[in-house]
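One structure below.
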Amino acid sequence: MAYSDKVVDHFNNPRNMGSFKKDEDGIGTGMVGAPECGDVMKLQIKVQDDMIVDAKFKTFGCGSAIASSSLATEWLKGKTIEEAQKIKNTDIVQELNLPPVKIHCSVLAEDAIKAALADYQKKADQTETT
Amino acid sequence: MDHHHTHNTGSRDLRMARSMCWHCQSEMSGEYFCERCVKVQPVSKETDYFTCFGLPRRLTIDLKKLEAKFYELSRAFHPDFYQNKSATEQTISLGNAATLNTAYRTLRDPIQRAEYLLDLEAGSVKDIRTSPPSDLFEEILELQETVEAYRASDRASETGRQLLAQLVAERQALDQRKQDMEQHLQRICTDWDALQDRGEATGQARAERDRLLKQMREILSNRTYVKNIVNDLAATIG
């Protein structure tokens, strides 16, 4: 099975690879895995005034998983928390032209976004109450 | 194979009428063959792999018995014996042979067997989803960076040699961990079987059952993560 040009591009030139310090202010970390295939994805967002100003990822998995998370970080940048909630795995599938067997990679990326947003929210709520 | 495809719908209909012989309509009591008209009967989709081989639903199984039953059934459904039979019988025997092949491969392997049992049983467990093992994930991602640094390095250089030594050590440690996980899984499997053998219907037994299944799932997925990174390491450092 051949990867689409967009997947290959993200795979060869991953955008925003790396990580932030977890405990830094305004950082939300999403850490997810797919037990079926063993892929692991870490996606982080940096939020200022409700706006995602930066995003980073690290992924251990196949080309589609790397491309999905790379694309996700690209899309997250400049979005508000609310807008980010609306990113769906089907958007990723469409953009990267993922075949049916690789749809779970996009699901993993959506899960990672959700987990990062939830983590940010949780930390924000904690700082408010303290 | 053509037969198999063209008669697919037919065999599906037959499967639904499993309790009755598709040929003579008498009530089925035989395992795979009607006791009255001796025609081969399709394995029902509801029949689990353990039942296919007449084995109890346990995680420690008698491999010799499994193998013997598999060979016996493989002979019973062998295409050679159906050359002069009707198209329906050919289709059924082919379908049975395929199902039993999959069933045998699944049950033969202790990991696949546990995964399969989990699939059968987990549906009724409330909240089987376990939280992702963040520490393990961090470790995997860090190791992955070392792997990439090694791939990019000049292997003959001091850095290259150091990275290689580090990866070799990591691989050993991970291999050991995978083995530990498999041993842990083995213990849970023994507990599971013992629980099944006791056959209690108490609330306590149910709670124990759910706890074991959840642990099984956790170990099986963690093992997959470790296995993946070990394979990746092996591909890199040989």
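Chains A and B are the protein sequences, given in the same order.
Each residue of the first sequence is one higher than the one before, starting from 16 at the first, in this note's numbering.
Each residue of the second sequence is one higher than the one before, starting from 17 at the first, in this note's numbering.
We put the CB at the ideal spot given by N, CA and C, even for glycine.
Between residue 103 of chain A and residue 125 of chain A, the alpha-carbon positions lie close to 6 angstroms from each other. Within the segment 65 to 89 of chain A, the runs of beta strand (DSSP E) at least 3 residues long that lie entirely inside it are, in chain order, 66 to 75.
Sequence-distant Cβ neighbours of residue 134 of chain B in its own chain, meaning closer than 8 angstroms and more than five residues away, are 229, 232, 233, 236.
Sequence-distant Cβ neighbours of residue 92 of chain A in its own chain, meaning closer than 8 angstroms and more than five residues away, are 31, 67, 68, 69, 70. Using beta-carbon distances, residue 78 of chain A does not count as an interface residue toward chain B, since no partner is under 8 angstroms. Between residue 68 of chain B and residue 130 of chain B, the CB-CB gap reaches or exceeds 8 angstroms. Residues of chain B with a Cβ closer than 9 angstroms to the Cβ of residue 138 of chain A do not exist, since the nearest Cβ in that chain sits about 15 angstroms away. Every unbroken stretch of the alpha helix (DSSP H) spanning 4 or more residues and falling wholly within the segment 37 to 116 of chain B is given here in chain order: 65 to 68, 79 to 92.
In the displayed model, residue 62 of chain A falls within a strand according to three-state DSSP.
DSSP places residue 218 of chain B outside both helix and strand once states are collapsed to three, so it counts as coil. With a 10 Å radius around the Cβ and a threshold of 16 neighbouring Cβ atoms, residue 76 of chain A comes out buried. A direct Cα-to-Cα measurement between residue 94 of chain A and residue 227 of chain B gives close to 41 angstroms. Proximity of residue 55 of chain A to chain B, defined by a Cβ-Cβ separation below 8 angstroms, is satisfied.
The Cβ-Cβ distance between residue 132 of chain A and residue 110 of chain A does not fall below 8 angstroms. Under the Cβ criterion of 8 angstroms, residue 50 of chain A is counted among the residues facing chain B. For a Cβ distance threshold of 7 angstroms, residue set 46, 48, 55, 57 of chain A lies close to residue 153 of chain B, ordered along the chain. A straight line joining the alpha-carbon of residue 40 of chain A with that of residue 167 of chain B spans about 34 angstroms. With the rule of 3 Cβ pairs closer than 8 angstroms, the segment 213 to 220 of chain B does not count as touching the segment 108 to 116 of chain B. For the segment 63 to 76 of chain A, the set of positions with a beta-carbon nearer than 7 angstroms to some beta-carbon of chain B reads 73, 75 in chain order.
DSSP places residue 54 of chain A within a strand segment (E or B) once states are collapsed to three. Cα atoms of residue 112 of chain A and residue 88 of chain B: separation of roughly 47 angstroms, rounded to the nearest angstrom. Residue 239 of chain B counts as buried, since no fewer than 16 other beta carbons sit within 10 angstroms of its beta carbon. Residue 144 of chain A carries a helical assignment under DSSP once its states are collapsed to helix, strand and coil. For the pair residue 80 of chain A and residue 82 of chain B, the Cα-to-Cα distance works out to about 39 angstroms.
If you draw a straight line from the Cα of residue 138 of chain A to the Cα of residue 213 of chain B, it is about 47 angstroms long.
In chain order, 55, 73, 74, 75 make up the part of chain A whose C-beta sits under 9 angstroms from the C-beta of residue 160 of chain B. Rounded to whole angstroms, the gap between the alpha carbons of residue 93 of chain B and residue 89 of chain A is 56 angstroms.
A straight line joining the alpha-carbon of residue 73 of chain B with that of residue 125 of chain B spans about 15 angstroms.
Between residue 179 of chain B and residue 169 of chain B, the beta carbon gap of about 6 angstroms places them in contact (Cβ cut-off 8 angstroms). Interface residue (Cβ-Cβ distance to chain A less than 8 angstroms): residue 194 of chain B is not classified as such.
Chain A places a beta carbon closer than 8 angstroms to that of residue 240 of chain B, counting this residue as a contact.
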